[in-house]
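Chains as they are written, first to last, in full-length UniProt numbering: chain A, 1 to 450; chain B, 1 to 450. Scroll down for the structure; my scribbles are underneath it.
2 protein chains.
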Amino acid sequence: MPFELTEDLVNQVESLIQNADDKALQKLLKDFHYADIAEILDELDLDEAMYIIKLLDSETTADILMELDEDNREKVLRNLSAKEIAEEIGELDTDDAADIISELPEERQQEVISQIEDEEHKAEIRELLAYDDDTAGGLMAKELVKVYETWTVAGCLRRIRGQAKEVTRVHSVYVVDKKNRLVGRLSLKDLIVAKSDQKISEIYISSVDCVNVNDDAEDVARVMQKYDLEAIPVVDDNQILLGRITIDDIVDLMKEEAEKDYQLAAGITSDVEADDSIWELTKARLPWLLIGMFGGIGAASIINGFSDAMTKFPALLMFIPLIQATAGNVGVQSSAIVVQGLANDTIDGKLFSRLLKEFLLGLVNGLAIAAIVLLISHFVFKTTYYESLTICVALITVIIMAALIGTFIPIFLDKRGIDAAVATGPFITTSNDVFGILMYFVIAKLILGF
Amino acid sequence: MPFELTEDLVNQVESLIQNADDKALQKLLKDFHYADIAEILDELDLDEAMYIIKLLDSETTADILMELDEDNREKVLRNLSAKEIAEEIGELDTDDAADIISELPEERQQEVISQIEDEEHKAEIRELLAYDDDTAGGLMAKELVKVYETWTVAGCLRRIRGQAKEVTRVHSVYVVDKKNRLVGRLSLKDLIVAKSDQKISEIYISSVDCVNVNDDAEDVARVMQKYDLEAIPVVDDNQILLGRITIDDIVDLMKEEAEKDYQLAAGITSDVEADDSIWELTKARLPWLLIGMFGGIGAASIINGFSDAMTKFPALLMFIPLIQATAGNVGVQSSAIVVQGLANDTIDGKLFSRLLKEFLLGLVNGLAIAAIVLLISHFVFKTTYYESLTICVALITVIIMAALIGTFIPIFLDKRGIDAAVATGPFITTSNDVFGILMYFVIAKLILGF
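Structure follows, in structure tokens:
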């Protein structure tokens, strides 16, 4: 039966905390998965959450900590001593441990690390902290099962029994030579199926996908997804095995990236959720609204500059919203397709042919829309022949321009090494709005000659 | 060394095909992963791709087929006989086999299935085809490793050696009772670590996450992600073990969903890529542009209706683009946050408190923007006191309204069982554009009294 976070359950936990009924609390929470307990804790006050953290054993609370909402985790960590954090971290895999430590303020990090008792764990965490978050090194864990190619299957199984206890999930057994260089892999299935006196060198699979410790995290995600991998070993420039990355971290990464891109497209700058405070939400939303505002002021200046024309041809001004909306919509569509293409690596370098295609696409869409608008403006709004012509030519031109700008800007940013996703949303919309209105008046001037 | 698809490589393959140099082709392609070969095939003409499909053994080509671009796969399948397709399918896991068959035209499906030689495989594929694509049944494969709780560890390992050959990757061993009801799980690690004369019933883990065969695919994804699972067993209403779902399918599903939502937010209706034809792209893009167009026509009617006011207070018309852009941007921001919250299940049912929050948020953002616009309109555009007041009051009102509409519509759609993601992008933008302009004139009428 799936877990469901109900108000009743939260109330029950709260009242047990108020009554300090530790036994009932432990009994209630014992059967929940740590991810579910984290969901409950996210609903509680800090004091109540701390009560539960102190009550449960550190094996469980370490996992709960990892699953808490980032803001809540920060608060909980602030309420724990360096020694207490070190104890929690002792229970975690090295990658999770390093993630938690890197969230702490600089001066606390050293304090916590020095309190970790297991020297090997400590050294491994220190190693992981040195890698950039956005690289394979920042994603990998040191826990893995490693065998030497010279071992026998029987000896191997014996050793694996020892190593495997420390590794939560064994995906693959990595085979190394005596210099610790990765030479191949074995699945546990292969080991079970093999005869016990066979040498590892006889049965291992030498084609093993691996990534370099400095590879981009997004490239790692792409490789693991393409080849349907559940884990991938990480090596250094000399092919020496350093760690492994598991698919659950990649799943989290993909989700974060998708949400970030979605928010950028919608004009939200930082990672916020519906439940964040008004202040957090304002910080995330106001910057883009200000960009839109300056665009609006720019448009006002353009209209102001052409105010004589407006008095002579008042019909023109009715169609300003249409021109603006169309320019914005086309630009967002074009940029979204390019941004996705860049993310999936399906866009090759031929900028010119891509722009040509957008030009033709803009022409087709523009002609279709202009034809409808022509009929409506003529029959409904009774615009003159030249006015109608102006509106239609402007629409087609603006659609083509918006498509070209929407295509060009993300590709340009990407070539400069900037995340193209920032180019979608309000940025493209605003520039196309302003540019579209300017084009409209320029074309009107050419056709109507004011 | 990671695979890179270069023009040189594609040219090399093409010239080998032209020379019908089968040996060199086989030698070249032998070392590539099937996903890489699929990438090469996606670049070739259909004739060339068919040449390679016919050349390689069906074990490889079956996997290649799965990785091809959907359009290209359809073309290749159309060029294969029912018997040839059945052979390819014989090499695939049941879930992939069922996916390929379901892509075929109705009448060919039966023809292909009847040609599958392995009766068990045939029956399993038939079973899978009966489930809806969007459910756990549509995602699961029949391949899994199953043991009875009454077996011993040694007997179990012996049987697993048999079953495991058919299962590409063994994540977990599922433990069932004699009625085939799922009672628990074991990892291969547990089996290796256990003593060989122990009974399975003594060592298995009874807490096993599972999903019902009729569960929503998106719910399955949520469960697997939350609990960091690499595979999950699928059961029917009587807890009878039917199949299992692996994380690689969930990764693909998540990616598709994220891309679909992103495209909806950008106003693209069907799943298109930058490389699709102009006709495909037009079909995906034109519908939303038409919605935007009707919005623009609506705005034109409103302005037309207030044309007297425009002649009396020409300064008002300068700010139409600002009002429109701001309304659009705010609406998109609000709806994006709600849509993500709904997707992550982090939005609870309290509609009123959420609208109140958006109201306050709109007020804060509106006051900030209105203050800046007040200064600019007064000092730069020399608007009168009442005109400035009109613009500012309209801005604040429009921002609040847009935030409320952007919040309300997705929640409303979600309650009606409609995918809230369709509410983002042009739909929200257009309705807010039109509504914003209408509000602007109504407020102007109230303040300026024309």
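Beta carbons are placed, not taken as given, at the ideal position from N, Cα and C, and that holds for glycine.
Next on the checklist: Using a Cβ-Cβ cutoff of less than 6 Å, which residues in the same chain neighbour B:Cys392 once the five nearest sequence positions on both sides are dropped?
Outcome noted: Ala370, Leu374
Checklist entry - Under the three-state reduction of DSSP, which class applies to B:Val422: helix, strand or coil? => result helix
Next on the checklist: For the structure I just gave you, are there three or more beta carbon pairs, one from the region 146-160 of chain A and one from the region 175-186 of chain A, closer than 8 Å?
Outcome noted: yes
Checklist entry - By Cβ distance, which residues of its chain are closer than 6 Å to A:Met66, with the 5 residues on each side in sequence left out? => result Asp96
Checklist entry - Applying a beta-carbon distance threshold of less than 7 Å, which residues of chain B neighbour A:Lys226? => result Ala35
Checklist entry - Does the pairing of the region 9-24 of chain B with the region 314-334 of chain A give three or more beta-carbon distances under 8 Å? => result no
Next on the checklist: Measuring only the C-alpha atoms, how far is B:Leu41 from B:Ala49?
Outcome noted: 5 Å
Checklist entry - With 16 other CB atoms within 10 Å as the buried threshold, where does A:Lys178 fall? => result exposed
Checklist entry - For the candidate residues B:Ile89, B:Ala444, B:Leu361, whose alpha-carbon lies nearest to that of B:Glu59? => result B:Ile89
Next on the checklist: Quick check: what's the CA-CA separation for B:Phe408 versus B:Asn72?
Outcome noted: 41 Å
Checklist entry - In angstroms, rounded to a whole number, what distance separates the CA positions of A:Ala300 and A:Phe306? => result 10 Å
Next on the checklist: Excluding the 5 residues flanking A:Asp36 on each side, which residues of the same chain have their C-beta closer than 8 Å to its C-beta?
Outcome noted: Phe3, Leu5
Item to check | Beta-carbon spacing of B:Leu182, B:Asp209 below 8 Å | outcome: no
Checklist entry - Of all Cβ atoms in chain A, is any one closer than 8 Å to the Cβ of B:Asn432? => result no
Checklist entry - Which residues mark the beginning and the end of the alpha helix (DSSP H) in which B:Thr135 is found? => result Segment: none, B:Thr135 is in no alpha helix (DSSP H) and carries neither H nor E.
Checklist entry - If you measure from the beta carbon of B:Ile369 to each beta carbon in chain A, is any gap under 8 Å? => result yes
Item to check | Inter-residue spacing [alpha-carbon to alpha-carbon] between B:Gly425 and B:Leu264 | outcome: 6 Å
Checklist entry - How many angstroms separate the CA atom of A:Ile136 from the CA atom of B:Leu139? => result The identity of residue 136 of chain A in the sequence shown is Ala, whereas the question assumes Ile. Taking the straight line joining both Cα atoms gives about 30 Å.
Checklist entry - Residues bridged to A:Tyr174 by DSSP? => result A:Lys146, A:Arg185
Next on the checklist: Can you confirm whether A:Ala98, when its beta carbon is compared against all beta carbons of chain B, has any partner nearer than 8 Å?
Outcome noted: no
Item to check | Span separating the alpha-carbon of A:His378 from that of A:Thr384 | outcome: 7 Å
Item to check | Contacting positions in the region 269-290 of chain B - beta carbon closer than 8 Å to chain A | outcome: Val272, Glu273, Ala274, Asp275, Ile278, Leu281, Thr282, Arg285, Leu286, Trp288, Leu289, Leu290
Checklist entry - Nearest chain B C-beta to A:Val234 closer than 8 Å, yes or no? => result no
Item to check | Start-end ranges of the alpha helix (DSSP H) lying completely within the region 197-271 of chain A, minimum 4 residues | outcome: 200-203, 217-226, 247-265
Checklist entry - Counting along the chain, where does the alpha helix (DSSP H) carrying B:Phe3 start and finish? => result Per DSSP, B:Phe3 belongs to no alpha helix (DSSP H) and is neither H nor E.
Checklist entry - Just to confirm, are A:Leu316 and A:Thr390 a CB contact at a threshold of 8 Å? => result yes
Item to check | Contact with chain B by A:Ser307, beta-carbon distance below 8 Å | outcome: yes
Item to check | Three-state class that DSSP yields for B:Ala194 in the structure shown | outcome: coil
Checklist entry - Counting contacts by CB-CB distance shorter than 8 Å, is B:Phe319 in contact with chain A? => result yes
Item to check | alpha helix (DSSP H) runs contained entirely in the region 324-380 of chain B, provided each spans 4 or more residues | outcome: 351-379
Checklist entry - Nearest chain A C-beta to B:Tyr262 closer than 8 Å, yes or no? => result yes
Next on the checklist: On the CB-based measure, 16 or more other CB atoms within 10 Å of its CB, does B:Ser353 come out buried or exposed?
Outcome noted: exposed
Item to check | Close beta carbons around A:Ala38, own chain, < 6 Å, minus the five adjacent residues each side | outcome: Ile64, Glu67, Leu68
Checklist entry - Would you say B:Val153 and B:Ala123 are within 8 Å of each other, going by their C-beta atoms? => result no
Checklist entry - Whole-angstrom Cβ separation of B:Gly331 and B:Ile428, contact assumed at under 8 Å? => result 4 Å
Checklist entry - Closer than 8 Å, Cβ to any Cβ of chain A: which residues of the region 6-22 of chain B, in chain order? => result none
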